[in-house]
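**Q** Under full-length UniProt numbering, the first residue of the sequence shown is numbered 1, with each subsequent residue one higher.
For each residue, glycine too, the CB sits at the ideal point set by N, CA and C.
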Amino acid sequence: MEKVYDGIVIGGGHAGVEAALALARTGLKTLMMTLTPDAIAYMACNPSVGGTAKGHLVREIDALGGQMGLNADATALQMRMLNRGKGEAVHSLRAQSDKIKYHLNMKRTLEEQENLDILQAEAAEILVAGGKVRGVKTTLGDTYEARAVIVATGVYLNSDIITGEWKKESGPSGFACATFLTQSLVSLGLEVRRFKTGTPARLDGRTIDYSRMQAQEGEDVYAFSFMTEGKVENKAKCYLTYTTQATKDVIMRNISRSPLYNGTIKSTGPRYCPSIEDKVMRFADKERHQIFLEPESAFTHEVYAQGMSSSLPFDVQEEMYHTVTGLERARIVRYAYAIEYDCIDSTRLLPTLQVKGVEGLFTAGQINGSSGYEEAAAQGIMAGINASLMLRNMPPLVLSRDEAYIGVLIDDLVTKGTNEPYRMMTARAEHRLHLRQENADMRLTPKGREVGLVDDERWEKFKKKQEQFEIFSPLLGDFAPKAPTSAFLEEIKEGGEGNYSYEQLFKRTGTSTASVKRFFPTWKDCDERVLGELITRCRYSGYMEKQRAAIEKERKMSSRLIPPDIDYLNMHGLRLEARQKLDKIRPVDLGQAARISGVSPADIAVLMVRLAGRGEQ
1 MEKVYDGIVI GGGHAGVEAA LALARTGLKT LMMTLTPDAI AYMACNPSVG GTAKGHLVRE
61 IDALGGQMGL NADATALQMR MLNRGKGEAV HSLRAQSDKI KYHLNMKRTL EEQENLDILQ
121 AEAAEILVAG GKVRGVKTTL GDTYEARAVI VATGVYLNSD IITGEWKKES GPSGFACATF
181 LTQSLVSLGL EVRRFKTGTP ARLDGRTIDY SRMQAQEGED VYAFSFMTEG KVENKAKCYL
241 TYTTQATKDV IMRNISRSPL YNGTIKSTGP RYCPSIEDKV MRFADKERHQ IFLEPESAFT
301 HEVYAQGMSS SLPFDVQEEM YHTVTGLERA RIVRYAYAIE YDCIDSTRLL PTLQVKGVEG
361 LFTAGQINGS SGYEEAAAQG IMAGINASLM LRNMPPLVLS RDEAYIGVLI DDLVTKGTNE
421 PYRMMTARAE HRLHLRQENA DMRLTPKGRE VGLVDDERWE KFKKKQEQFE IFSPLLGDFA
481 PKAPTSAFLE EIKEGGEGNY SYEQLFKRTG TSTASVKRFF PTWKDCDERV LGELITRCRY
541 SGYMEKQRAA IEKERKMSSR LIPPDIDYLN MHGLRLEARQ KLDKIRPVDL GQAARISGVS
601 PADIAVLMVR LAGRGEQ
């Protein structure tokens, strides 16, 4: 077997998949090293893609030329648009996925990808010489050479499964874990910590009483990928039910047996995805909690009980699940469990996701302290892109906070770090009006083309959409005919008479693409998604203008680069905390420096003076 590659990706999860495809699709000979090909793109927890803010990440991955959106569309059981009652900026697409098809589809995509080999092996050591990556050594003693290595180990690094008093060294769902690589990372100067996450039980759907639950139908919405034609067929329902007082009683009576509360689990868990016992203890006054029953696949009767993640003992789980409305006779197929795993301090990374001081070593996904398939995939594609650019002697691609949710995600991880599993949320994005999921292609597809990841088919489709904007945007200033305008205003229940430009009409709250096309022939040939985007731009134009001014100010700060060898510790005028934080994180520009927790505006002023003087004295 060939043992010399351009790049090696360690891990075949959601980060590893995107990283490997990004390398291979940009013409580089790539090896994906995975503990088992049976776990490629495996959905170890929720069988879904997208959701609040996560849907934005999927659209951005797709816009850059990634695979997650296409695979989610091809394997969806149901699609829904979340946050419809709020503004377009926070509308987020979510797919209920067929987890078996998702894995098989992605595995086939990798197998058929030119320049990409898959190998079942466990990485034991990252080989480094002279501060540069040289390859990977496996537990069998084989050495594979490469100038770039991307570590995307997910939750498999020294992982332990915990349920009540029972603990086992294992990866998710009984898969093997990786036990050798942590020591290699520590020897390279990386700080390793322990995080925790968990998953609910899987139930036999034939034993669930759905008649006592509220059905959650799919919706007629567009797909994730800008390449998917039409809309995705909804093939299955989800169901909403609730815990009861009896659920609470069972948990309270057995809380001393919970690893979370008896000291067995000492690692940090996700704040925004707590276990059911954690929810009951933290929100003691709440009478009940929502539980969503979600089908896992068309090939199995297993159902995922979203909202009931737990690490309580097996016997307690049996009693607890049977107290939920409609689950009184439900049979547990797989018990809930918590999983602890190793991850690194992400402030040791450059914004490219390359490890500081080790040329060619990148990390992506949950090893960086994030949680979620989408966050992992977003880091994976960026690590793959930047490893590829490094190997091709091209400038790196760093997305700023005003360009993409991916930029917000990575900037938060490398600048602020995280003391708990990091989850993407719309509230983290200061410029979310500019970062709508609908305009991800307009923001990022040209960048994907520049780095060589966007193929000709996607580029041609993008250019056609761009042409539509060029044709129809100038028409916004035209005045609409009076007769249809009156009928239009009456239908959307808006008053007013006189002459209105299309821009003025599009600002009205009730305006929709369907109503515009019905009353105004001018827009009949406008692509529905382009028209929808134009309506949104008009509706929020005032807010967007204000955000543009703030973005411009931030970009000026980010244009002031900081020398990598600057001596912060001996810089007079900086407070001690600022010196220590700046020395640890070593920001690449003033904008990043200003976002570091513990660095004040006064510290930035001192730093600006020092940079202007071209010295550190």
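By the three-class DSSP mapping on this structure, what secondary structure does Phe-283 have?
**A** Residue 283 sits at position 283 when you count from the first residue of the sequence shown. Note: Phe-283 maps to coil in three-state DSSP.
**Q** Straight-line CA distance for Gly-372 to Arg-423?
**A** Counting from 1 along the sequence shown, the entry for residue 372 is found at position 372. Counting from 1 along the sequence shown, the entry for residue 423 is found at position 423. Each residue's alpha carbon lies about 7 Å from the other.
**Q** When the Cα atoms are used, what is the spatial distance from Gly-598 to Ala-376?
**A** By one-based count along the sequence shown, residue 598 stands at place 598. By one-based count along the sequence shown, residue 376 stands at place 376. If I take the Cα positions, the gap works out to 27 Å.
**Q** Select from Lys-196, Ile-118 and Ser-311 the residue whose C-alpha is nearest the C-alpha of Glu-165.
**A** The count along the sequence shown starts at 1 and reaches residue 165 at position 165. If we check each option's Cα against that of Glu-165, Ser-311 comes out closest.
**Q** Starting from Tyr-242, follow its DSSP beta bridges and name the residues at the other end.
**A** Here residue 242 refers to the residue found at position 242 when the sequence shown is read from its first residue. Paired residues: Gln-290.
**Q** Using the three-state DSSP reduction, which class does Leu-21 fall into: helix, strand or coil?
**A** Sequence index remark: in the sequence shown, residue 21 carries index 21 (1-based). Looking at Leu-21 - three-state DSSP - the assignment turns out to be helix.
**Q** For Pro-521, which of helix, strand or coil comes out of DSSP?
**A** Here residue 521 refers to the residue found at position 521 when the sequence shown is read from its first residue. Looking at Pro-521 - three-state DSSP - the assignment turns out to be helix.
**Q** By the three-class DSSP mapping on this structure, what secondary structure does Glu-302 have?
**A** For the purposes of this step, residue 302 is taken as the residue at position 302 of the sequence shown. Looking at Glu-302 - three-state DSSP - the assignment turns out to be strand.
**Q** Since Glu-125 sits in a beta bridge, which residues does DSSP pair it with?
**A** In the sequence shown, residue 125 corresponds to position 125, counting from 1. In the DSSP secondary-structure assignment, Glu-125 is bridged to Lys-137.
**Q** Thinking C-beta only, is Asn-419 closer than 8 Å to residue 634?
**A** The shown model of the chain, from 1 to 617, leaves out residue 634, and the question about it has no answer.
**Q** Taking the C-alpha atoms as reference points, what is the distance between Asp-411 and Ile-596?
**A** The residue labelled residue 411 in the question sits at position 411 within the sequence shown. The residue labelled residue 596 in the question sits at position 596 within the sequence shown. Going by the C-alpha atoms only, they are around 10 Å apart.
**Q** Give a yes or no on whether the C-beta atoms belonging to Ala-121 and Ala-387 are separated by under 8 Å.
**A** Counting from 1 along the sequence shown, the entry for residue 121 is found at position 121. Counting from 1 along the sequence shown, the entry for residue 387 is found at position 387. No. Outside cutoff.
**Q** What's the gap between the Cα of Asn-105 and the Cα of Arg-428?
**A** If you number the sequence shown from 1, residue 105 lands on position 105. If you number the sequence shown from 1, residue 428 lands on position 428. Straight-line Cα distance between these residues: approximately 32 Å.
**Q** According to the neighbour-count rule (16 or more other Cβ atoms, all chains shown, within 10 Å of its Cβ), is Leu-116 buried or exposed?
**A** Numbered from 1 along the sequence shown, position 116 holds the residue referred to as residue 116. Looking at its Cβ environment, which holds 16 or more other Cβ atoms inside 10 Å, Leu-116 is buried.
**Q** For a test of the three-state rule: what should DSSP assign to Met-608, helix, strand or coil?
**A** Residue numbering aside, residue 608 sits at position 608 when the sequence shown is read from its first letter. Note: Met-608 maps to helix in three-state DSSP.
**Q** Can you say whether Tyr-543 is buried or exposed, counting buried as having 16 or more other CB atoms within 10 angstroms of its CB?
**A** Working through the sequence shown from its first residue, we reach residue 543 at position 543. Answer is exposed; the Cβ neighbour count stays below 16.
**Q** If you draw a straight line from the C-alpha of Glu-616 to the C-alpha of Asn-570, how long is it?
**A** Along the sequence shown, one-based indexing puts residue 616 at 616. Along the sequence shown, one-based indexing puts residue 570 at 570. Confidence at Glu-616 is low in this model, with a pLDDT of 42, below 50, so its placement is unreliable and no value can be given for it.
**Q** Looking at Tyr-5: is its Cβ nearer than 8 Å to the Cβ of Tyr-144?
**A** Residue 5 sits at position 5 when you count from the first residue of the sequence shown. Residue 144 sits at position 144 when you count from the first residue of the sequence shown. Closer than 8 Å, so yes.
**Q** Sort Met-227, Ile-126 and Gln-592 by Cα distance to Lys-416 and report the nearest one.
**A** Start at 1 with the first residue of the sequence shown, and residue 416 comes out as number 416. Considering only alpha carbons, the answer is Gln-592.
**Q** On the DSSP bridge list, what partners appear for Phe-195?
**A** Within the sequence shown, residue 195 is the residue found at index 195, counting from 1. According to DSSP, Phe-195 bridges with Thr-268 and Tyr-341.
**Q** Quick check: what's the CA-CA separation for Pro-521 versus Asn-439?
**A** Residue numbering aside, residue 521 sits at position 521 when the sequence shown is read from its first letter. Residue numbering aside, residue 439 sits at position 439 when the sequence shown is read from its first letter. Their backbone Cα atoms lie some 25 Å apart in a straight line.
**Q** Does DSSP put Pro-396 in a helix, a strand or coil?
**A** One-based indexing of the sequence shown puts residue 396 at position 396. In the structure shown, Pro-396 sits in coil (DSSP, three-state: anything other than H, G, I, E or B).
**Q** When you compare only the Cα positions, how much space is there between Thr-163 and Leu-181?
**A** The sequence position of residue 163 within the sequence shown is 163, counting from 1. The sequence position of residue 181 within the sequence shown is 181, counting from 1. Rounded to whole angstroms, Thr-163 to Leu-181 spans 25 Å at the Cα level.
**Q** What does a CB cutoff of less than 7 Å around Ala-53 pick up in its chain, not counting 5 residues either side in sequence?
**A** Residue mapping note: residue 53 aligns to position 53 of the sequence shown, counting from 1. Contacts found: Ser-92, Tyr-405, Met-424, Met-425 and Thr-426.
**Q** Expressed to the nearest angstrom, what Euclidean distance is found between the alpha-carbon atoms of Phe-479 and Tyr-500?
**A** Start at 1 with the first residue of the sequence shown, and residue 479 comes out as number 479. Start at 1 with the first residue of the sequence shown, and residue 500 comes out as number 500. Roughly 5 Å between the two C-alpha positions.
**Q** Roughly how many whole angstroms lie between the Cα atoms of Leu-409 and Thr-241?
**A** As a first step, residue 409 is located in the sequence shown; it is residue number 409 there, counting from the start. As a first step, residue 241 is located in the sequence shown; it is residue number 241 there, counting from the start. Cα to Cα, the separation comes out at about 33 Å.
**Q** Could you say which of Pro-395, Arg-458, Leu-70 and Asp-565 lies nearest to Tyr-222 if we only look at CA atoms?
**A** Position 222 of the sequence shown, counted from the first residue, corresponds to residue 222. It is Leu-70.
**Q** Are the beta-carbon atoms of Ile-118 and Pro-37 separated by less than 8 Å?
**A** Within the sequence shown, residue 118 is the residue found at index 118, counting from 1. Within the sequence shown, residue 37 is the residue found at index 37, counting from 1. Yes, the pair counts as a contact, with Cβ atoms nearer than the cut-off.
**Q** Nearest-angstrom Cα distance between Arg-518 and Lys-524?
**A** Working through the sequence shown from its first residue, we reach residue 518 at position 518. Working through the sequence shown from its first residue, we reach residue 524 at position 524. If I take the Cα positions, the gap works out to 8 Å.
**Q** Can you check whether the CB of Cys-538 is closer than 8 Å to the CB of Phe-506?
**A** In the sequence shown, counting from the first residue as 1, residue 506 sits at position 506. In the sequence shown, counting from the first residue as 1, residue 538 sits at position 538. Yes, the pair counts as a contact, with Cβ atoms nearer than the cut-off.
**Q** Bridge partners of Pro-295, per DSSP?
**A** As a working note, residue 295 is residue 295 in the sequence shown. For Pro-295, which the question treats as bridged, DSSP gives the partners Val-303.
**Q** Nearest-angstrom Cα distance between Tyr-321 and Ala-19?
**A** Locating residue 321 in the sequence shown gives position 321, where the first residue counts as 1. Locating residue 19 in the sequence shown gives position 19, where the first residue counts as 1. C-alpha separation (whole angstroms): 39 Å.
**Q** What are the boundary residues of the alpha helix (DSSP H) that Ala-550 is part of?
**A** Here residue 550 corresponds to residue number 550 of the sequence shown, with the count starting at 1. 541-558 is the extent of the alpha helix (DSSP H) around Ala-550.
**Q** Measuring alpha carbon to alpha carbon, tell me which of Met-382, Tyr-335, Glu-340 and Gly-7 ends up nearest Leu-349.
**A** As a working note, residue 349 is residue 349 in the sequence shown. Answer by Cα proximity: Met-382.
**Q** In this structure, what does DSSP give as the bridge partners for Gln-379?
**A** For the purposes of this step, residue 379 is taken as the residue at position 379 of the sequence shown. Answer is none; Gln-379 lacks a bridge partner.
**Q** Over the uninterrupted alpha helix (DSSP H) stretch that includes Ser-92, give me the two end residues.
**A** As a working mapping, residue 92 is identified with position 92 in the sequence shown. Residue range 92-97 is occupied by the beta strand (DSSP E) that includes Ser-92, with no alpha helix (DSSP H) assigned at that position.
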